[in-house]
Amino acid sequence: MISCPTVEKSSIRSHYELSTLFYWLLWGRHIHHGLWHGDETPAVAAQQLTDTLCELAQIERGQSVLDVGCGMGGSSIHLARQLGCAVTGVTLSQVQRTWASTTARWRGVAGSTRFLRQDAETLQIPERTFDRVWSIECTEHLFDKPEFFRNVARWLKPGGRVAICAWLAGDGLEDEDQAQLVYDVCEGFVCPSLGSFDDYRGWMEEAGLQVETTRDWTDQVAQTWEICRDRVARSKVRWLARLVDQETVLFLDRFDTILEAYRTYAMRYGCLVATKPRS
Ligand SMILES: C[S@@+](CC[C@H](N)C(=O)[O-])C[C@H]1O[C@@H](n2cnc3c(N)ncnc32)[C@H](O)[C@@H]1O
Numbered sequence: 013m014i015s016c017p018t019v020e021k022s023s024i025r026s027h028y029e030l031s032t033l034f035y036w037l038l039w040g041r042h043i044h045h046g047l048w049h050g051d052e053t054p055a056v057a058a059q060q061l062t063d064t065l066c067e068l069a070q071i072e073r074g075q076s077v078l079d080v081g082c083g084m085g086g087s088s089i090h091l092a093r094q095l096g097c098a099v100t101g102v103t104l105s106q107v108q109r110t111w112a113s114t115t116a117r118w119r120g121v122a123g124s125t126r127f128l129r130q131d132a133e134t135l136q137i138p139e140r141t142f143d144r145v146w147s148i149e150c151t152e153h154l155f156d157k158p159e160f161f162r163n164v165a166r167w168l169k170p171g172g173r174v175a176i177c178a179w180l181a182g183d184g185l186e187d188e189d190q191a192q193l194v195y196d197v198c199e200g201f202v203c204p205s206l207g208s209f210d211d212y213r214g215w216m217e218e219a220g221l222q223v224e225t226t227r228d229w230t231d232q233v234a235q236t237w238e239i240c241r242d243r244v245a246r247s248k249v250r251w252l253a254r255l256v257d258q259e260t261v262l263f264l265d266r267f268d269t270i271l272e273a274y275r276t277y278a279m280r281y282g283c284l285v286a287t288k289p290r291s
C-alpha cells in the first residue's frame, strides 16, 4: 500500500464540492472510468463499467443496495430504474447529494432512492440491512480500509455481496519511481492511500467475506485520461479551474501522471466482488 499523509478528509470533501461540475463537464454523470472493449464512445464505455459490475455483483430485481461514494447518483439511479432496486447513496459532498436527489426526481425514481451526505467511515447502519454494497472509486478515499470492510460485512445480509471498483497500487512498489508515481496520483486525486489487489483481498477476507471475482481492467480503462486530457486542452476548463482554486488546477495537471502510472503498471484498476457467507 502507498500512503499520502498530507491528504485530509476536509480536502476530499472540498475536492468534490468544487470539482463535481468539472467532472460533469468533462465526463458526464458517472465519475468513474470507462471500460472499453473496442471503439465505443466515452459515454458508452462509462455505462459499460457500471453494467459489467452489475452483472458480476449479480444484482437482482428489487434488491436493497448501499452505494458508497455515490457521486452524482449515476449508479444509484441506474440500479433503481433498470432493476427496481431500493438504493441508498452516500457521499461526502452536499453538492453531490443535491445533484443526485434532483436527478432522481427528474428520472422518476425519487421513491426508491435516497441520498445522504455522510462519511462512509462513520456511517451507522443496522446489521444485515443490504443485499448489496456497491462502491465505484470511493474506497481510494477512505482512511481505514480494513475497518470499512468489517463494516460492510456487518451491513450485508447473509448471502449478500459487496462489489467494488478501485484504483489500485501495482506490485512493483519497491521501485522508487513507481512508488513516486503512485504517491503523486494520491496527492493530486486526494487519496490517503492506494491498496493493491492483495491488500483488498486480505481486508475482505479478514472481514469474513469470500472473494469470488477479481478483474484487472487497467488496459481497458486507461484511455479515460487521454480523453479527459484532450478535452481539457480543447476547452476552457483549465481557465475555469484557476478561478476556483489551486487544488483543482493540480487535479487537472495530474492526468498525465495517472496515465504514466497505468502505462508502467505502477497503478492498476480493478474490480472485486465478495460474498458474505450464509452461516
Ligand atoms: C470518484 S467519485 C465516484 C462517484 C460514483 N461512485 C460514480 O461512479 O460516479 C468518489 C465519490 O466518493 C465519495 N467519497 C469519498 N470519500 C467518502 C467518504 N468518506 N464517505 C462517503 N463518500 C465518500 C465522494 O463524495 C464521491 O462521491
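Following the numbering used here, the numbering of the sequence shown begins with 13 at its first residue and continues without gaps.
For each residue, glycine too, the CB sits at the ideal point set by N, CA and C.
Small disclaimer: the values here were computed from a predicted structure and weren't measured.
Closest by CA to residue i, which one among the options?
{"i": "Arg-117", "options": "Gly-85, Asp-143 and Ile-148", "result": "Gly-85"}
{"i": "Cys-66", "options": "Ile-43, Val-107, Ser-247 and His-90", "result": "His-90"}
{"i": "Pro-289", "options": "Thr-114, Arg-119, Arg-173 and Pro-158", "result": "Arg-173"}
{"i": "Ala-122", "options": "Ser-76, Ser-26, Thr-269 and Ala-98", "result": "Ala-98"}
{"i": "Gly-96", "options": "Thr-125, Gln-70, Asp-183 and Gly-182", "result": "Thr-125"}
{"i": "Thr-236", "options": "Ser-26, Val-19, Ala-58 and Leu-33", "result": "Ala-58"}
{"i": "Ile-270", "options": "Ser-291, Ala-234 and Ala-286", "result": "Ala-234"}
{"i": "Val-80", "options": "Pro-54, Phe-263, Arg-119 and Leu-168", "result": "Leu-168"}
{"i": "Ser-294", "options": "Asp-131, Arg-144, Asn-163 and Glu-20", "result": "Beyond the ends of the chain as shown, which are 13 and 291, falls residue 294; an answer cannot be given."}
{"i": "Phe-209", "options": "Ile-176, Lys-21, Val-107 and Glu-139", "result": "Ile-176"}
{"i": "Tyr-28", "options": "Arg-109, Gly-46 and Thr-141", "result": "Arg-109"}
{"i": "Ile-148", "options": "Ser-87, Ala-219 and Arg-140", "result": "Ser-87"}
{"i": "Ile-24", "options": "Arg-275, Gln-130 and Glu-272", "result": "Gln-130"}
{"i": "Ala-278", "options": "Gly-200, Thr-287, Gln-222 and Leu-180", "result": "Leu-180"}
{"i": "Gly-182", "options": "Glu-133, Pro-158, Arg-280 and Ile-137", "result": "Arg-280"}
{"i": "Phe-263", "options": "Arg-140, Cys-203 and Gly-83", "result": "Cys-203"}
{"i": "Phe-127", "options": "Phe-142, Gln-106 and Gly-101", "result": "Gly-101"}
Taking the alpha helix (DSSP H) that residue i belongs to, which residues open and close that run?
{"i": "Trp-36", "result": "21-39"}
{"i": "Arg-109", "result": "106-118"}
{"i": "Gly-86", "result": "86-95"}
What residue range does the beta strand (DSSP E) around residue i cover?
{"i": "Ile-176", "result": "168-181"}
{"i": "Leu-12", "result": "With the chain covering 13 to 291 only, the question about residue 12 has no answer from this structure."}
{"i": "Val-284", "result": "The sequence given here has Leu at residue 284, not Val. Taken as a continuous stretch (DSSP letters only), the beta strand (DSSP E) holding Leu-284 covers 279-287."}
{"i": "Phe-127", "result": "125-129"}
{"i": "Ala-122", "result": "Counting along the chain, Ala-122 falls outside any beta strand (DSSP E), and DSSP gives it neither H nor E."}
{"i": "Thr-100", "result": "98-103"}
Who does residue i pair with in a DSSP beta bridge?
{"i": "Gln-136", "result": "Bridge partners of Gln-136: none, in fact."}
{"i": "Ser-147", "result": "Ile-176"}
{"i": "Ser-15", "result": "Ser-205"}
{"i": "Phe-142", "result": "Leu-168"}
Does ligand 2 have a heavy atom nearer than 8 Å to the CB of residue i?
{"i": "Pro-54", "result": "Absence of ligand 2 is noted for the structure shown, with ligand 1 being the only ligands found."}
Worksheet item: So which residues put a beta carbon under 6 Å from any heavy atom of ligand 1, going in chain order?
Response: Ile-24, Tyr-28, His-42, Ile-43, His-44, Gly-81, Cys-82, Gly-83, Gly-86, Ser-87, Val-102, Thr-103, Leu-104, Ser-105, Gln-108, Asp-131, Ala-132, Glu-133, Ile-148, Glu-149, Cys-150, His-153 and Leu-154
Worksheet item: What are the start and end residues of each continuous beta strand (DSSP E) run of 3 or more residues lying completely inside the region 194-275, in chain order?
Response: 222-228
Discussion item. Could you tell me which whole alpha helix (DSSP H) segments of length 4 or greater appear in the region 52-80?
Written reply: 54-68
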